[in-house]
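What follows is a single structure, written as structure tokens, with notes after it.
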Amino acid sequence: FKCLGRGHIAFQCPNKKVMILKGQDIYSSQDEATNSSSSSEDEEEASEGESCEVTYPYNGELLMMRRVLNNQPSDTQSQRENIFHTRCNISNKACSLIVDSGSWCNCCSTRMVEKLGPKPYELHWLNDDGDMVVNQQVEVEFSIGNYKDKVKCDVVPMEACHILLGRPWQFDKQTHHDGLTNNITFTHKGKKFVLHPLSPSQVMEDQVQMKTKREQEKGKQPTRGF
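So the sequence shown is numbered by the numbering used here: it starts at 1030 and just counts up by one.
Okay, structure coming up:
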């Protein structure tokens, strides 16, 4: 049934709402639209009432690396196949940061520790994970926009990024991940933050820069500068 009225055929019906008879009850699509609209308005009002800090990746060239103009990445900006990549500020240097729930620890690269100079300390115990033995940790102070924090990291030889935030950070911050936008939402010191990821093309550019820098340093004495 369209409107339960008489005197006209369906496609001439002035009332476009759909009605279904179910026992003694009448279901109207117009009622559903009204309820849906009210629900959306309530959600918007609730979100407007809560202060939220939207945070974008730190802007700066990674460790003073040169821009590489070849190997241009794809134009797609979809986050469908991306883990969360961003850039953070450590000692006024742009560093690559990944958030990955598949990691059981927070880690930072030995390269970053050597270059930026945070003081690692020896562990009295050894954390043996497969072929890798972790015997140093360091407390890293970093920022992404107005989000400023310190995190204790295992020092490991890794090349994917400079700092990796795993399950311990996600657990401590009670993070929420949006699978569509790849945004990460959490509360820090009573304030809500939403971290936005790098685009796939930006991630590719950063990876090319880091690889190029490593290749340039092969066979040369490492310098303190970046």
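Glycine is no exception: its CB is placed at the ideal position from the N, C-alpha and C atoms.
Because the structure is a prediction, the values reported are computed rather than measured.
Asked, Found
"Please state whether DSSP places T1204 in a helix, a strand or coil.", "coil"
"If you draw a straight line from the C-alpha of K1148 to the C-alpha of R1140, how long is it?", "13 Å"
"Mapping DSSP to helix, strand and coil, what is E1061?", "Low per-residue confidence applies at E1061: pLDDT is 45, beneath 50, and the placement is therefore not dependable, though the value from the model is reported in the following sentence. Reduced to three states, the DSSP call for E1061 is helix."
"Which residues mark the beginning and the end of the alpha helix (DSSP H) in which R1139 is found?", "The residue you asked about is not Arg; residue 1139 is Thr in the sequence shown. First-last of the alpha helix (DSSP H) with T1139: T1139 to L1145."
"Reducing DSSP to helix, strand and coil, say where S1230 ends up.", "helix"
"Can you tell me the Cα-Cα spacing of E1234 and S1080, whole angstroms?", "33 Å"
"Please classify S1228: is it buried, with 16 or more other beta-carbons within 10 angstroms of its beta-carbon, or exposed?", "buried"
"Return helix, strand or coil for E1244, following the three-state DSSP convention.", "helix"
"Compare the C-alpha of P1183 against each of Y1087, F1200, V1232 and G1195 and name the closest.", "For the record, residue 1183 in the displayed sequence is Asp; it is not Pro. Ranking Y1087, F1200, V1232 and G1195 by Cα distance to D1183 puts G1195 first."
"Only counting the same chain, and skipping five residues up and downstream in sequence, which positions put a Cβ closer than 6 Å to that of H1206?", "I1213"
"Which residues in the same chain have their Cβ closer than 8 Å to the Cβ of K1177, if we skip the five residues on either side of it in sequence?", "E1170 and F1171"
"For A1189, which residues of its own chain have a beta-carbon under 7 Å away from its beta-carbon, when the five flanking residues on both sides are left out?", "I1127"
"Which residue's Cα is closest to the Cα of Q1166: K1247, I1112 and N1135?", "N1135"
"Should F1200 go down as buried or exposed, given a rule of 16 or more other Cβ atoms within 10 Å for buried?", "exposed"
"Under the assumption that K1193 contacts D1129 (Cβ atoms under 8 Å), give the Cβ distance between them as a whole number of angstroms.", "The question names Lys, but residue 1193 is Leu in the sequence shown. That pair is a contact at about 6 Å."
"Expressed to the nearest angstrom, what Euclidean distance is found between the alpha-carbon atoms of Q1238 and Q1203?", "32 Å"
"What are the boundary residues of the beta strand (DSSP E) that Y1176 is part of?", "Y1176 to V1185"
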